[in-house]
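Asks: One structure is given below, represented as structure tokens, and several questions about it will come after.
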Amino acid sequence: MSKSVLPYFVVGEVIKGFGRGSKQLGIPTANFPPSVVKDLPEDLNTGVYFGFASIDKGDVYKMVMSVGWNPYFKNKQKSMETHLMHTFDEDFYGKELRVCILEYIRCEKDFTSVEDLVKAIKCDIDTANVKLDTDKYIHSSISSGLCTKYFVFLYVKKKLISRMALSAASRVSLQLLKELPTGFLKPCIASSNLELVRYRRTKHYDPKFKFLRSLKFIKVKLPDYNETNDNLTEEQMRAKLKERGLLPKRPWMEHQYFISSTGAVFEPYVPPEGDGKISPITAQGAKQKIQFLEKKTKTMMAIRKIRSFEEDFDTTQFCKKAENIYIKAHECMALKDKDEIIKYVTERAYPEVIHNMENKTISWKFLKSIELPRVVHARCTDIVTKENMFGQVTVRFHTQQVLAVYDRFGRLLQGSEIIAKDVLEYVVFEKHIANEYGIWRIHDKIIPDWLPPREPSHITFKKFPEPAEAEVDNQDEQVASKKKSTSEVVAT
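No gaps in the numbering here: position 385 of the sequence shown is 1258 in this note's numbering, and each next residue is one more.
Put into structure tokens, the structure is as follows:
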């Protein structure tokens, strides 16, 4: 082998090898592609070498390289396997590996076992580590032209600076220990050939930052203030504004809005005639049963959808909760509490509930439930987006209540505070189920067509003021004179 080949510089991309280094031997290696191996000079014999290596122009590490066919594994293709003397957190496949081969250690050998191979590799690593740290090798590497390879020069330079600083510090400390009198301190320091230098700790020593700093520049295109923009179209004006980093004005206004309730009842429940008590033997009763089964299927699917958002939803517990909401809403309406009633009715039902509330006095009382409330209808729908889901549940109430409505003068308009009446109602409850903080509230009431008409409220009249006495006397005189004139005409 000709020593004139060394040092030899190799650059290439790291590829996946045989997978034996880290798994079988416990010594990870980086492999060069076959194109790099083919370009090796003929004078570079096979064997084990050592030197320096760098990944993506980063930090410099010591390395040991095997060049050849690996007789133990009997490779059919020549390879270059590099072991970097550093522990990495992750693989660096695809990155650029730069290697400087400095010296030859030994030739290729065949081994009887894997243990002997690992033992020989570790011995090569120790040999390379010792040689690369010697002063003799550092000086010889500088004289051999390695300064042209910046990453090798950086490593050598750091070694030289650290060793020179240690040697100078040791010389000064020895002289200070020998010369105990204070008078000899000055000549000792003067003879040590030292000079105080300010050290800047913010400067990067890593060459990769120096390379990146050299690439930092910003091209600034100065605006032309003499340019006229009167003839530009809207699209050209928008393009100009975007080039200068300005946001073009939008021809529309955007406002955030929150949909807390829907505007109507979707697929409203149609109560069967007679509250579904017609005999199924009759044609009308059989028709009601078929319609009930169709609606029940959709209701079950809607309840399943509601449970996907509200896991604890149960129809029995919901009926008790709905009855409580129903009572609270009517109590707030009787007390004219507009701030509290919004917790129990939706924004769609709110205007209807508080309509003309200030001019009336409502006396309402819930006595009992004649029949337990039950869920008769349920539907789900989405608004704007598929994820924005609303759920509506219709509950049947059959209760006994007392209701009396008075006008602003205290006159009874409707109902009675003494007579209790049975009330059958179908109340729709709605919830924004997609909202984590949504609550069930009264949304609407469904009034069947077959219910008897409501009792009309009593009509109150406006009392007009009575005319004055003088005006009454004048009117009587005018009536008397008219009668007298008519009687004279008849006599003639």
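Each residue gets a CB set at the ideal place from its N, CA and C atoms; glycine is no exception.
#1: Using a Cβ-Cβ cut-off of 8 Å (strictly less than) and excluding sequence neighbours within five positions of Pro1121, which residues of its own chain qualify?
#2: Any chance the region 1181-1198 sits against the region 1245-1254, with 3 or more Cβ pairs inside 8 Å?
#3: Can you give me the C-alpha to C-alpha distance between His959 and Phe1090, rounded to a whole angstrom?
#4: Does DSSP classify Tyr1217 as helix, strand or coil?
#5: Kindly indicate which residue of Glu1309, Val1275, Leu1276 and Ala1137 has the alpha-carbon position closest to the one of Lys1318.
#6: Within this structure, are the beta carbons of Ile974 and Gly924 separated by less than 8 Å?
#7: Can you tell me whether Ser1133 is helix, strand or coil according to DSSP?
#8: How long is the line joining the alpha carbons of Glu886 and Cys1253, rounded to whole angstroms?
#9: Measure from the alpha carbon of Arg1284 to the alpha carbon of each residue in Met1262, Asp1322 and Thr1234, then state which is nearest.
#10: Shortest alpha-carbon distance to Arg1180 belongs to which of His1228, Asp1210, Ala1251 and Glu1204?
#11: Hey, would you say Ile888 sits closer than 8 Å to Asn904, going by beta carbons?
#12: Are Thr1219 and Ile1315 touching if we call contact CB-CB under 8 Å?
#13: Within the chosen definition, does the region 989-1004 reach the region 964-971 through at least 3 CB pairs nearer than 8 Å?
#14: Would you say Thr919 and Glu981 are within 8 Å of each other, going by their C-beta atoms?
#15: With distances taken from CA atoms, which of Val910, His1128, Lys1094 and Phe965 is nearest Gln950?
#16: Can you round the beta-carbon distance between Met1262 and Ala1307 to whole angstroms, since I take them to be within the 8 Å contact cut?
#17: Measuring alpha carbon to alpha carbon, tell me which of Lys995, Met1174, Trp1313 and Phe1182 ends up nearest Ile900.
#18: Assuming Asp997 and Val921 are in contact, meaning their beta carbons sit under 8 Å apart, how far apart are those beta carbons, in whole angstroms?
#19: Look at the alpha carbon of Pro907 and the alpha carbon of Ser952, and state the distance between them as a whole number of angstroms.
#20: Less than 8 Å between the C-beta atoms of Glu963 and Gly890, yes or no?
#21: Return the Cβ separation of Lys935 and Leu1005 in integer angstroms, given the expectation that the two are a contact with Cβ distance under 8 Å.
#22: CA-CA distance, Arg1281 and Ile1320?
#23: For Tyr966 and Val940, what's the separation of their Cα atoms in angstroms?
#24: Classify Met938: buried if its beta carbon has 16 or more other beta carbons within 10 angstroms, exposed otherwise.
#25: Would you mind stating whether Phe1139 and Gln1265 have Cβ atoms separated by less than 8 Å?
#26: Go through its chain and collect everything with a Cβ distance to Glu1146's Cβ below 6 Å, but skip five positions before and after it.
#27: Under 8 Å, do Lys1201 and Tyr1217 count as touching if we go by C-beta distance?
#28: Please classify Trp1125 as buried or exposed, where buried requires at least 16 neighbouring CB atoms within 10 angstroms.
#29: Excluding sequence positions up to five away, which residues of its chain have a Cβ less than 6 Å from the Cβ of Val1296?
#30: DSSP on Met936, reduced to helix/strand/coil?
#31: According to DSSP, is Thr1007 helix, strand or coil?
#32: Pull up the distance between the alpha-carbon of Ser1134 and that of Arg1221, whole angstroms please.
#33: Taking the alpha carbon of Gln947 as the reference point, which residue from Ile1291, Val884, Arg1123 and Thr985 has its own alpha carbon closest?
#34: DSSP state of Thr1258, grouped into three classes?
#35: Leaving out five residues on either side along the sequence, give the residues of the same chain with a beta carbon under 7 Å from the beta carbon of Ala836.
#36: Between the C-alpha atoms of Thr902 and Arg893, what's the straight-line distance to the nearest angstrom?
Replies: In terms of the structure at hand:
#1: Met1110, Arg1111, Leu1114 and Lys1115
#2: yes
#3: 35 Å
#4: coil
#5: Ala1137
#6: yes
#7: coil
#8: 59 Å
#9: Thr1234
#10: Ala1251
#11: yes
#12: yes
#13: no
#14: yes
#15: Val910
#16: 5 Å
#17: Lys995
#18: 5 Å
#19: 7 Å
#20: no
#21: 5 Å
#22: 28 Å
#23: 19 Å
#24: buried
#25: yes
#26: Trp1323
#27: yes
#28: exposed
#29: Thr1272 and Gln1274
#30: strand
#31: coil
#32: 7 Å
#33: It should be noted that the sequence gives Lys, not Gln, for residue 947. Of the candidates Ile1291, Val884, Arg1123 and Thr985, the one whose C-alpha sits nearest the C-alpha of Lys947 is Thr985.
#34: coil
#35: Any property of residue 836 remains undetermined from this structure, which presents the chain solely from 874 to 1365.
#36: 9 Å
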